[in-house]
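Colleague: 35 is the number of the first residue of the sequence shown in the numbering used here; add one for each residue after it.
Glycine included, C-beta positions come from ideal geometry on N, C-alpha and C.
None of these values were measured; they are calculated from a predicted model.
I have a structure I would like to understand better, so I am pasting it below and will then ask my questions one at a time.
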Amino acid sequence: MTWLTRLKMLGGILAVVALAFGLTLLFNQRMTQAHSLSASVTAPTFDVGSGYGGIVTEQLVEDGDPVTAGDILFVVSSSSLQQAVSQGSAPGSTVAYDLDLETGTITYTAVSDGYVVDLAATHGSYVPDGAVLARVVSEQRAVEGFYKLSPVDYGRVEDGAPATIVLPNMQKLEATVESVQVETEDGEAVAVIRMTSDTLVDPALAALTRDGTPVTAQVTLRDDGILAGPTAAALAFLTKIGLR
35 MTWLTRLKML
45 GGILAVVALA
55 FGLTLLFNQR
65 MTQAHSLSAS
75 VTAPTFDVGS
85 GYGGIVTEQL
95 VEDGDPVTAG
105 DILFVVSSSS
115 LQQAVSQGSA
125 PGSTVAYDLD
135 LETGTITYTA
145 VSDGYVVDLA
155 ATHGSYVPDG
165 AVLARVVSEQ
175 RAVEGFYKLS
185 PVDYGRVEDG
195 APATIVLPNM
205 QKLEATVESV
215 QVETEDGEAV
225 AVIRMTSDTL
235 VDPALAALTR
245 DGTPVTAQVT
255 LRDDGILAGP
265 TAAALAFLTK
275 IGLR
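Below is the structure:
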C-alpha cells in the first residue's frame with residue numbers, strides 16, 4: 035500500500051468522523067429546541083370606560099389612531115354626573131378621565147402609549163353608565179406560545195432562556211423567556227411560554243407586531259447532555275464565522 039493510498043484512506047476516515055460528529059452535534063442541538071404549536075403577539079389593552087352616561091360632545095380619535103399617554107380621546111357631557119353632584123356626591127378625577135363637577139363634563143384620556151381599537155363612541159352619540167367608549171392597545175409587546183412538552187422537557191425550560199420569534203414575513207427576532215405556565219387543553223397539559231424582545235416595539239415592524247398577530251416561536255431548552263459543551267462551542271464558532 036503506497037503512502038498516497040494511506041493518506042487517502044486517512045482523509046476518508048477523518049471526513050467520516052467529522053461528518054458523524056457534526057451530525058451528532060446537530061441532532062443534539064435540535065433536541066434542545068422546542069417549537070410552538072401556536073403563538074401570537076400580545077399587548078395590554080385598556081378599556082376607556084364610561085363611569086357616567088352622557089352625550090359625546092367631542093370625538094378626537096378614530097379606530098387605529100396612534101395615541102400617547104395623556105392624549106384627550108373623548109369629551110362627554112354627562113347628565114348622570116350632574117345628577118350625582120346635585121345629590122351630594124363629589125367623585126374625583128383619575129388618570130383615565132377628568133371630571134368637571136361644575137359643568138358635568140368628563141374628559142377621557144389615554145392611559146398609555148398605543149393605538150385605538152373597538153371605537154364605540156361617536157360624536158353626538160349617547161353612552162350609558164358603564165359603557166366602553168373604546169380600547170387602547172398598549173405599545174408594550176410580548177409573544178405567548180403554546181407547547182406540548184414531556185415532563186422532562188418542561189423541567190428544562192428556564193426563565194431567561196433564549197428564544198426565537200419568527201414573524202409572518204419570516205423575519206427572526208431574538209427573544210428571552212419571561213415566564214412559563216401550564217394550562218389544560220382537551221385534558222392535556224400545555225405549557226404557555228411568554229417571551230419578550232425589544233425588537234417587538236420597533237416602529238418599522240408595527241404592522242407585523244400588532245396585538246393578535248400569529249407568529250411561530252422556538253425556545254431553547256437547558257442542555258443536560260454530555261455534548262452540551264461541544265455543541266455550544268460548535269454553534270458559537272459557526273455564528274462567529276457567519277454560517278449561522
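Are the CB atoms of residue 75 and residue 243 within a distance shorter than 9 Å?
Modeller: For residue 243 and residue 75, yes; Cβs fall inside 9 Å.
Colleague: Looking at C-alpha atoms only, which residue of 209, 191 and 114 is the closest neighbour of residue 68?
Modeller: For residue 68, the nearest C-alpha among the options comes from 191.
Colleague: Please state the DSSP three-state secondary structure of residue 193.
Modeller: Looking at residue 193 - three-state DSSP - the assignment turns out to be coil, as it is neither helix nor strand.
Colleague: Which residues in the same chain have their Cβ closer than 7 Å to the Cβ of residue 111, if we skip the five residues on either side of it in sequence?
Modeller: Excluding residues within five positions, the ones whose Cβ falls inside 7 Å are 88, 89, 91, 138 and 139.
Colleague: Pick helix, strand or coil for residue 76, following the three-state DSSP scheme.
Modeller: Residue state, collapsed to three classes: strand.
Colleague: Per DSSP, which one or two residues make a beta bridge with residue 181?
Modeller: Answer by DSSP bridge pairing, in chain order: 225.
Colleague: Any idea which residues DSSP pairs residue 209 with across the strands?
Modeller: In the DSSP output, where bridge partners are listed per residue, residue 209 has 197.
Colleague: Could you name the residues that DSSP lists as bridge partners for residue 102?
Modeller: None, per the DSSP bridge assignment.
Colleague: Within the same chain, show all residues whose beta-carbon is closer than 6 Å to that of residue 157, passing over the 5 residues directly before and after it, in chain order.
Modeller: 90 and 93.
Colleague: Going by beta-carbon coordinates alone, are residue 228 and residue 211 separated by less than 9 Å?
Modeller: Closer than 9 Å, so yes.
Colleague: Can you tell me which residues form a DSSP beta bridge with residue 83?
Modeller: DSSP output for residue 83 lists 166 as bridge partner(s).
Colleague: Is residue 197 buried or exposed, if buried means 16 or more other CB atoms sit within 10 Å of its CB?
Modeller: It is buried - the Cβ of residue 197 has at least 16 other Cβ atoms within 10 Å.
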